[in-house]
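Data block below; observations after.
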Amino acid sequence: MHDAYEPVPILEKLPLQIDCLAAWEDWLLVGTKPGHLLLYRIKKDAGTNRFEVTLEKSNKNFSKKIQQVENNIHVHDLLTFQQITVVSKAKGATLFACDLQLSPTGEAQLRMCVAVKKKLQLYYWKDREFYELQGDFSAPDIPKSMAWCQNSICVGFKRDYYLIRMDGRGSIKELFPTGKQLEPLVVPLADGKVAVGQDDLTVVLNEEGVCTQKCALNWTDIPIDMEHQPPYIIAVLPRYVEIRTFEPRLLVQSVELQRPRFITSAGPNIVYVASNHFVWRLVPVSIASQIRQLLQDKQFELALQLAKMKDDVEGDKRQQIHHIQNLYAFNLFCQKRFDDSMQVFAKLGTDPTHVIGLYPDLLPTDYRKQLHYPNPLPSLSGAELEKAHLALIDYLTQKRSHLVKQLNDSDPSTTSPLMEGTPTIKSRKKLLQIIDTTLLKCYLHTNVALVSPLLRLDNNHCHIEESEYILKKAHKYSELIILYEKKGLHQKALQVLLDQSTKANSPLKGHERTVQYLQRLGMENLGIVFEFSPWVLKICPEDGLKIFTEDLTEVETLPRDKVLNFLKEGFKELAVPYLEHIIHVWEETGPEFHNVLIQMYLERVQGLMKQYLNSLLVLKTCSLTTMILIQSRLLVRSVCVLRPLRKGQKSTVKEGVHNIEQFLLTCLYLKIHDLRDLIVGIQQS
78 MHDAYEPVPI LEKLPLQIDC LAAWEDWLLV GTKPGHLLLY RIKKDAGTNR
128 FEVTLEKSNK NFSKKIQQVE NNIHVHDLLT FQQITVVSKA KGATLFACDL
178 QLSPTGEAQL RMCVAVKKKL QLYYWKDREF YELQGDFSAP DIPKSMAWCQ
228 NSICVGFKRD YYLIRMDGRG SIKELFPTGK QLEPLVVPLA DGKVAVGQDD
278 LTVVLNEEGV CTQKCALNWT DIPIDMEHQP PYIIAVLPRY VEIRTFEPRL
328 LVQSVELQRP RFITSAGPNI VYVASNHFVW RLVPVSIASQ IRQLLQDKQF
378 ELALQLAKMK DDVEGDKRQQ IHHIQNLYAF NLFCQKRFDD SMQVFAKLGT
428 DPTHVIGLYP DLLPTDYRKQ LHYPNPLPSL SGAELEKAHL ALIDYLTQKR
478 SHLVKQLNDS DPSTTSPLME GTPTIKSRKK LLQIIDTTLL KCYLHTNVAL
528 VSPLLRLDNN HCHIEESEYI LKKAHKYSEL IILYEKKGLH QKALQVLLDQ
578 STKANSPLKG HERTVQYLQR LGMENLGIVF EFSPWVLKIC PEDGLKIFTE
628 DLTEVETLPR DKVLNFLKEG FKELAVPYLE HIIHVWEETG PEFHNVLIQM
678 YLERVQGLMK QYLNSLLVLK TCSLTTMILI QSRLLVRSVC VLRPLRKGQK
728 STVKEGVHNI EQFLLTCLYL KIHDLRDLIV GIQQS
């Protein structure tokens with residue numbers, strides 16, 4: 078609680094019993110039970126809470142009720158008390174309610190609703206007369222209290238509240254019972270809604286009769302009357318005046334006065350309260366003083382509402398509002414209302430690093446030490462920390478999207494500090510680096526499945542060294558490979574794949590991921606391909622060869638002469654299948670590749686021949702003449718196959734090799750020792 082108003086006596090020990098009260102600007106009208114009407118002029122002394130009170134006019138023979146004479150509606154001049162007009166049709170009136178509205182052009186429009194027994198009459202003011210607005214409406218009972226609510230009228234009867242729509246048909250909506258209170262209470266609010274009392278509760282309704290507040294206001298006693306002075310709602314209770322707010326729902330102040338009964342307002346910040354013989358004015362405590370007290374009490378929402386009402390220089394006002402909003406967002410975080418806190422920070426444009434600094438272990442230690450906060454930060458762990466991280470993820474994702482769109486702007490980032498004097502980061506790239514790295518850490522704490530999509534983003538700005546450290550610490554090697562690949566650190570990625578390939582429980586065990594990685598590198602990284610492919614080619618030549626033969630654009634566009642030389646130097650046995658693939662599958666027409674393939678076929682034949690010559694066996698059976706005839710035919714076929722190959726034509730190369738091998742095998746059995754001459758003869762032919 079804090080002091081929002083100070084009660085100052087205006088009239089004391091009035092000899093006549095006060096029966097009603099009204100005010101406008103510097104004027105106060107007091108109606109007494111005997112029927113006197115008193116007009117006071119009230120001027121405030123500059124710089125003090127003292128008032129000069131002057132009785133300007135009185136009329137001892139007015140009526141018992143102001144503007145309601147002999148159950149009819151009479152209109153009088155406020156200063157002279159002279160009668161202007163009488164609403165003759167309203168004879169028998171028991172209650173009336175007025176509504177003053179401004180049109181878009183600034184023209185004032187006054188409407189009046191009059192209760193005559195069980196009927197409601199509607200009028201509008203023009204040329205110093207009231208005219209009927211539309212036909213009368215029937216009411217279910219005699220109205221006891223009523224107030225305009227935009228294009229509806231909320232009416233309190235003896236037992237229930239109703240809402241009557243001004244739609245030409247007088248549609249009636251039953252609301253709820255009045256409760257145990259003796260008289261229903263309907264009070265118009267400054268925003269066009271109405272406050273409706275039900276015992277010690279007050280609810281706020283719109284023109285549709287819908288409650289606009291989550292919870293009703295709960296007074297300490299049943300209100301007699303109320304007045305709305307935003308952001309406060311002031312109620313007269315039997316023993317004192319109570320001041321509350323709708324949002325947030327706070328008891329602000331209790332002002333003890335001697336049996337207050339009436340309350341009225343002459344405009345913003347001018348409120349009068351009266352008992353039977355006293356009148357007080359509720360003088361607002363300065364907004365600056367209220368804000369200071371509210372900030373000490375950590376009532377930031379109310380402090381913010383008051384700051385917006387100050388009449389300061391616009392720049393100073395905006396700065397104070399921003400400061401209070403930051404304190405409010407920080408306080409929400411300390412209350413562990415993480416989603417609400419992040420929403421406020423997002424609207425403020427607070428430096429994201431200052432928001433990240435609210436969390437443990439997300440910022441580099443050196444930078445974190447530069448940040449300052451209004452109060453000690455809450456200790457977070459377990460489910461609370463996870464909830465906090467999820468709120469931060471939503472906040473950072475929103476900030477990231479905004480920064481990416483502005484990445485190419487020449488102007489520096491316009492973030493503001495959470496606390497004045499704390500350094501901010503102007504570079505959008507640096508902010509994105511911190512945001513992406515923080516998102517990575519948060520995902521590791523909350524949802525590991527989101528790590529890979531983050532790292533695969535083309536505009537991923539994760540800090541390499543820090544991301545590398547936390548991924549290794551979490552043993553997320555698959556995600557580490559993605560980080561390295563996106564950052565162009567292919568050698569690091571391939572080294573991790575090599576290290577993990579032999580670890581039993583690693584998801585990267587084996588050579589498959591290395592093969593896939595090397596296949597994507599392309600000709601610009603050919604040196605890296607040659608550097609990290611040998612270990613795969615050694616342990617699994619068939620899969621290793623796919624690094625150079627897979628049907629991918631990156632693989633097919635590798636320089637074939639360099640690949641061939643690489644294979645011939647270290648993995649000669651794979652050169653032939655590589656050549657066969659590029660010639661037969663990729664339809665390579667370069668004669669140099671065809672010639673090399675023929676040469677390698679010949680080398681294979683010569684190698685086989687030498688092998689066979691070193692392991693000749695003695696054939697004990699088989700007709701020599703028969704074997705020579707059979708192999709002569711095979712030899713002729715081999716020569717026919719080899720001839721077109723030498724001319725660069727496509728043919729079934731494997732068939733020729735197979736036939737030559739068969740021929741050599743036969744020669745082995747026939748003890749033919751000088752096959753070298755035979756091969757030379759084939760080449761020459």
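Once you know that position 403 of the sequence shown is 480 in this note's numbering, the rest is easy, because the numbers rise by one and skip nothing. Just so you know, even glycine gets a beta-carbon here, dropped at the ideal spot from N, CA and C. On a predicted model such as this, the values are computed, not experimentally measured, just so you know.
Burial of H538 is indicated by the presence of at least 16 other C-beta atoms within 10 angstroms of its C-beta. CA-to-CA, the gap between A551 and N295 works out to about 53 Å. Shown here for G256: same chain residues with a beta carbon closer than 6 Å to its own, the five before and five after excluded, namely Q275 and D276 in chain order. Rounded to the nearest whole angstrom, the C-alpha separation of T666 and I605 is 28 Å. Under the criterion of beta carbons closer than 8 Å, K553 and V528 qualify as touching, at roughly 7 Å.
Counting only residues of its own chain and dropping the five nearest sequence neighbours on each side, D374 has a CB closer than 7 Å to the CB of H79. Between L622 and Y594, the gap from beta carbon to beta carbon reaches 8 Å or more.
Taking the Cβ atoms as the reference, I119 lies roughly 6 Å from L105, within the contact range of under 8 Å.
DSSP places M78 outside both helix and strand once states are collapsed to three, so it counts as coil. Looking only at S248, R205 and C226, the smallest Cα-Cα distance to F214 is reached by S248.
In the structure shown, the three-state DSSP call for S222 is strand. Short of 7 Å from the beta carbon of P494, and not among the five residues preceding or following it, lie these beta carbons of its own chain, in chain order: D428, H431 and T501. In this structure, DSSP gives W663 a state outside helix and strand, which the three-state scheme calls coil. Counting C-beta pairs with one atom in each stretch, the stretch 349-368 and the stretch 379-390 have three or more that are closer than 8 Å, which means they touch. Excluding its 5 nearest sequence neighbours in each direction, W663 has C-beta neighbours in its own chain below 7 Å: E633, listed in chain order.
Bridge pairing for C288: L282 [DSSP]. Taken through DSSP and simplified to helix, strand or coil, H466 comes out as helix.
In the DSSP secondary-structure assignment, M303 is bridged to A312.
Non-local beta-carbon contacts of K194 in its own chain, meaning distances under 8 Å to residues more than five positions away in sequence, involve G169, T171 and I219 in chain order. With at least 16 other beta carbons inside 10 angstroms of its own, L197 counts as buried.
The beta-bridge partner set that DSSP reports for Q211 consists of L199. Straight across, the Cα-Cα distance linking Q596 with I659 is about 16 Å. In the DSSP assignment, I624 falls within the alpha helix (DSSP H) that extends over P618 to T626. Rounded to the nearest whole angstrom, the C-alpha separation of E669 and I624 is 22 Å. Looking from the CA of L383, the closest CA among F339, L334, V332 and T322 belongs to T322. The stretch 539-579 is shown to contain whole alpha helix (DSSP H) runs of 4 or more residues at 541-550, 554-563 and 567-577, in chain order. In this structure, V640 is the residue among R590, V640, K580 and D576 with its C-alpha nearest to the C-alpha of M600.
Apart from the 5 residues on each side of it in sequence, R188 sits with its Cβ closer than 6 Å to the Cβ of D176 and Y201 in its chain, given in chain order.
The beta carbon of E627 sits closer than 6 Å to the beta carbons of Q596 from its chain, once the five residues preceding and following it are set aside; these are given in chain order.
The closest CA to that of N228, considering only E285, A570 and G212, is found on E285.
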